[in-house]
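Residues in the sequence shown are numbered consecutively from 4, following the numbering used here.
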Amino acid sequence: MQKLSLIVPCYNEEEALPVFYDELEKVLSSLEDYEAEILFIDDGSKDGTLKTLKSLAEQDERVKYISFSRNFGKEAAMYAGFCNATGDLVAVMDADMQDPPSLLPQMLEIIQGDEVDSVATRRVTRKGEPKIRSFFARRFYKLMAKVSDVDVVDGARDFRLMKRKMVDAIVSMGETNRFSKGIFGWIGFKTHWLEYENVERVAGQSKWSFWKLFKYSMEGITNFSDAPLKIASWSGIFFTFIAIIAMLVVFIRALAFGDAVAGWPSTICIILFVGGIQLFCLGMIGQYISKIFRETKKRPIYIVSESNKEDFK
Ligand code: UDP
Ligand code: MG
């Protein structure tokens with residue numbers, strides 16, 4: 004019998020958890036060929052999430068929870084899940100039912116064929132999501148496809164079922180700056196994409212504000228691409244070239260017509276413009292340096308405060 008681990012990151016999900024658990028329970032009872040483990044990661048929730056998890060664990064011995072000392076973010080929660088999952092097959096899913104548990108049987112069926120190592124999901128619609136958010140999300144995926152060396156699929160969810168070897172590969176990528184969509188693409192393996200319509204969350208609220216998503220997308224780009232650094236060097240080369248031409252023009256003009264002091268405003272404009280570009284490029288380099296800084300400190304990605312697993316990592 005194969006063991007199936009389900010990783011569920013939870014941050015303030017006390018309202019959604021009971022609904023999610025009931026639904027998952029139904030799906031799992033239809034999967035008789037698998038031994039299940041449900042690994043809830045409480046990402047420093049401020050509501051009754053941990054209490055709910057404890058009572059679930061009392062009723063059901065398949066339920067394991069790991070509770071963080073504070074909110075470390077979904078990326079950290081997923082990593083904790085991967086490190087602690089013991090299954091032959093491992094899936095990550097959200098607690099808000101936006102990753103429908105009802106897709107699991109189909110995903111399991113697909114992965115049992117030898118051709119694929121993972122079954123991933125992508126939503127083909129973004130129904131129910133704010134328009135402006137969808138617009139920027141689409142742009143982000145387009146840009147990411149251009150500048151990075153991994154493919155990040157538009158509409159891809161983190162909801163994914165994987166074989167052990169893939170999980171081991173993810174665990175081995177212990178970087179502090181984490182962007183799972185990029186990591187999944189980077190490690191490779193054969194992936195089957197399952198498409199479904201967007202589902203709205205059952206209860207509670209999305210933890211992603213527009214600003215948070217924007218920062219996350221920047222993280223994605225700078226983690227998996229050095230294109231911004233190239234922009235910095237290319238614009239440097241471009242402006243040097245312009246400057247050489249301008250110098251020649253000024254020099255020749257001075258020889259031919261003598262030097263009349265004119266064009267002061269345009270000089271100021273150029274100085275300001277080039278100064279701006281320089282600061283922008285410095286800032287971009289700074290982004291990478293700050294990542295190196297965080298990475299070299301080798302701080303743990305998450306800190307566990309309590310768990311009902313004896314040998315949690
Ligand atoms: N989540 C988490 N830590 C966070 C934010 C979110 O573990 O800091 C979890 C959350 O509980 C949920 C999943 O990540 O299970 C997805 O979050 P959410 O539904 O808010 O994101 P959205 O679906 O809106 O992208
Ligand atoms: Mg959600």
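Where a beta carbon is used, it is the ideal one built from N, C-alpha and C, also for glycine.
None of these values were measured; they are calculated from a predicted model.
Is the Cβ-Cβ distance between isoleucine 41 and threonine 179 less than 8 Å? no
Which residues bound the alpha helix (DSSP H) around tryptophan 52? Reading off the sequence shown, one finds threonine at residue 52, where the question assumed tryptophan. Here the alpha helix (DSSP H) through threonine 52 covers 52-62.
Beta-carbon separation of valine 127 and arginine 163 under 8 Å? no
Rounded to a whole number of angstroms, what is the C-alpha to C-alpha distance between serine 20 and serine 175? In the sequence on display, residue 20 carries leucine and not serine. Distance between the alpha carbons of leucine 20 and serine 175 is about 30 Å.
Compute the beta-carbon to beta-carbon distance between alanine 98 and phenylalanine 187, rounded to the nearest angstrom, for a pair I have assumed lies under 8 Å. Not confirmed; about 20 Å, so no contact.
Rounded to a whole number of angstroms, what is the C-alpha to C-alpha distance between serine 8 and alanine 148? 31 Å
Delimiting residues of the alpha helix (DSSP H) encompassing lysine 67: Where lysine 67 is concerned, there is no enclosing alpha helix (DSSP H), although the beta strand (DSSP E) it sits in stretches over 66-71.
Thinking C-alpha only, which one of Gly177, Glu112, Lys193, Asn201 is nearest arginine 297? Gly177
Which two residues bound the contiguous beta strand (DSSP E) that contains proline 12? 5-13
Confirm, please, whether the CB-CB distance from glutamine 5 to tyrosine 37 is below 8 Å. yes
Classify alanine 88: buried if its beta carbon has 16 or more other beta carbons within 10 angstroms, exposed otherwise. buried
Please tell me whether, using a cut-off of 7 Å, the distance from the CB of aspartate 46 to the nearest non-hydrogen atom of the ligand MG is below it. no
Tell me the residue span of the beta strand (DSSP E) that contains arginine 136. Unbroken run through arginine 136 is the alpha helix (DSSP H), 134-150; no beta strand (DSSP E).
Between which residues of its own chain and glutamate 200 is the CB-CB distance below 8 Å, once the five residues before and five after are set aside? Arg126, Val127, Thr128, Lys130
Under 8 Å between the Cβ atoms of glycine 158 and glycine 185? no
For isoleucine 304, the three-state DSSP class (helix, strand or coil): coil
Expressed to the nearest angstrom, what Euclidean distance is found between the alpha-carbon atoms of lysine 316 and arginine 204? 30 Å
Answer yes or no: the CB of glutamine 101 versus the heavy atoms of the ligand MG, is any distance below 7 Å? yes
Methionine 96, buried or exposed, once every other Cβ within 10 Å from all chains shown has been counted against 16: buried
Return the Cβ separation of arginine 136 and phenylalanine 213 in integer angstroms, given the expectation that the two are a contact with Cβ distance under 8 Å. 6 Å
Under the three-state DSSP convention, the category lysine 166 falls into: strand
Taking 8 Å as the CB-CB limit, is tyrosine 291 close to chain B? Of the chains in the structure shown, none is chain B; there is only one protein chain.
Coarse secondary structure for leucine 20, derived from DSSP in three states: helix
Please determine, among Lys215, Ala172, Pro12, Met287, the residue with the shortest C-alpha to C-alpha distance to phenylalanine 71. Pro12
Per DSSP, what are the beta-bridge partners of serine 220 in this structure? None; serine 220 has no bridge partner.
Sub-8 Å separation of phenylalanine 43 and leucine 56 beta-carbons: yes
The ligand MG heavy atoms versus the CB of serine 204: any closer than 7 Å? Per the sequence presented here, residue 204 reads as arginine, with serine not at that position. True, at least one ligand heavy atom lies under 7 Å from that Cβ.
Which runs of the alpha helix (DSSP H) fall wholly inside the stretch 76-137 and span at least 4 residues, in chain order? 77-87, 107-115
What I want to know is whether the C-beta of tyrosine 14 ends up closer than 7 Å to one or more non-hydrogen atoms of the ligand UDP. yes
Suppose the cutoff is 6 Å on Cβ atoms and the five residues either side in sequence are ignored; what does the same chain contact list for leucine 232 look like? none
State yes or no: is the C-beta of alanine 230 within less than 8 Å of the C-beta of cysteine 284? no
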